[in-house]
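Reading through the structure tokens given below for one structure.
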Amino acid sequence: MWPSGGRHLWPSGGESAEQSHTRGHLVYAASGVLTVQTERGTSIVPANRVAWTPAGFPHYHRAHGDTDMRIVFLAPALTRLIPDHPAVFLASDLAREVLLALTGPRNYGDSAPGYSRSARSRLHRVLVDELNEADEQPLQLPEPQDDRLQAIARMLYETPADNATLAEFGTTIGASTRTLSRLFRNELGMTFYEWRTQLRIYHALVLLADGHDIARTAYACGWANPSSFIAAFTNIVGTTPGRYRTRSV
Numbered sequence: 001m002w003p004s005g006g007r008h009l010w011p012s013g014g015e016s017a018e019q020s021h022t023r024g025h026l027v028y029a030a031s032g033v034l035t036v037q038t039e040r041g042t043s044i045v046p047a048n049r050v051a052w053t054p055a056g057f058p059h060y061h062r063a064h065g066d067t068d069m070r071i072v073f074l075a076p077a078l079t080r081l082i083p084d085h086p087a088v089f090l091a092s093d094l095a096r097e098v099l100l101a102l103t104g105p106r107n108y109g110d111s112a113p114g115y116s117r118s119a120r121s122r123l124h125r126v127l128v129d130e131l132n133e134a135d136e137q138p139l140q141l142p143e144p145q146d147d148r149l150q151a152i153a154r155m156l157y158e159t160p161a162d163n164a165t166l167a168e169f170g171t172t173i174g175a176s177t178r179t180l181s182r183l184f185r186n187e188l189g190m191t192f193y194e195w196r197t198q199l200r201i202y203h204a205l206v207l208l209a210d211g212h213d214i215a216r217t218a219y220a221c222g223w224a225n226p227s228s229f230i231a232a233f234t235n236i237v238g239t240t241p242g243r244y245r246t247r248s249v
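All letters in the sequence shown, in the order written, are residues 1 to 249 by this note's numbering.
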């Protein structure tokens, strides 16, 4: 690893082994889509987001679409200013440029001098300040622990376009709608429909990164038409699928 973490070019489908680190780190996808899997769930990191994984959290990364992955480790003194749980933040223009600078050619190779330790420290402080100004983004898909919720999750991971109601899923797995609704709220902090929308957006990000067009992605992820997909995608991701697709490839 370079002092800042560095740059890693991954082919679509590339996946790391499970790992943990003594320092917390930020992950950014300059292109493509990354997912970061921890015990808390799956953090989805498209090209306008940055993911934070605190020290000691076992995790692994997976690339969707050819992905330009950037990693920046932070000193413990700085991590006190960031949440103590995995999180996803909007990457401001300044944060993006700092991330690219910290993981660019000035950090490795023989063609250019590297940043001094003091320069890297200043850039790290700017980056943390930018994250402190950014709200956490709803791009983490929590993983259910209850067996009944896991059964629903498996069905929807396999077929995200499935429009079955919670009552219909309950009939399949042998649980009441009331019980399942309570489990979703208590265990995952959201309703079933909110969770399913998050899962569908996750699949949409992956499909768009792999080059699928907007209409095909909308239908594959369960939306009745592209316009309703565009509205839901923009509400959660903060940009339209078309703009996101242009930026992520």
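Using N, Cα and C, we set each Cβ at its ideal position, and we do this for glycine too.
Does DSSP put residue i in a helix, in a strand, or in coil?
i      : result
Met155 : helix
Trp223 : coil
Gly13  : coil
Asp129 : helix
His64  : strand
Phe73  : strand
Glu187 : helix
His25  : strand
Thr35  : strand
Gly242 : helix
Ala134 : coil
Ala161 : coil
Arg7   : strand
His124 : helix
Within 10 angstroms of the Cβ of residue i, are there 16 or more other Cβ atoms? Answer buried if so, exposed if not.
i      : result
Glu168 : exposed
Gln137 : buried
Asn163 : exposed
Asn25  : Correcting the residue type first, residue 25 is His in the shown sequence and not Asn. The residue is buried, with at least 16 neighbouring Cβ atoms inside 10 Å.
Gln37  : buried
Gly211 : exposed
His85  : exposed
Tyr157 : exposed
Ser176 : exposed
Arg154 : exposed
Arg80  : exposed
Ala119 : exposed
Arg70  : buried
Taking the CB atoms as reference points, tell me whether residue i and residue j lie closer together than 8 Å.
i      : j      : result
Leu34  : Phe89  : no
Gly189 : Pro142 : yes
Ala161 : Ala220 : yes
Leu100 : Leu127 : no
Ser16  : Pro58  : no
Leu207 : Thr217 : yes
Thr67  : Ala91  : no
Gly14  : Ala63  : yes
Tyr244 : Ile44  : no
Ile214 : Gly242 : yes
Over what stretch of residues does the alpha helix (DSSP H) that includes residue i continue unbroken?
i      : result
Gln198 : Phe192 to Ala209
Phe169 : Leu166 to Ile173
Leu90  : Run containing Leu90: none in the alpha helix (DSSP H); it sits in the beta strand (DSSP E), Ala87 to Leu90.
Glu18  : From DSSP, Glu18 is part of no alpha helix (DSSP H); its letter is neither H nor E.
Arg80  : No alpha helix (DSSP H) contains Arg80, which DSSP labels as neither H nor E.
Asp93  : Asp93 to Leu102
What are the start and end residues of the beta strand (DSSP E) that includes residue i?
i     : result
Gly41 : Gly41 to Val45
Arg49 : Arg49 to Thr53
Which residues in the same chain as residue i place their Cβ atom closer than 8 Å to its Cβ, once the five residues preceding and following it in sequence are excluded?
i      : result
Leu268 : Residue 268 is absent from the structure shown; the chain starts at 1 and stops at 249.
Sorted by chain position, which residues of the same chain lie with C-beta nearer than 7 Å to residue i's C-beta, five sequence neighbours on each side aside?
i     : result
Glu97 : none
Arg49 : Val88, Phe89, Leu90, Ala91, Gln137 and Leu139
Starting from the C-beta of residue i, find all residues in its chain whose C-beta is less than 6 Å away, skip the five residues before and the five after it, and write them out in chain order.
i     : result
Pro54 : Gly24 and Asp84
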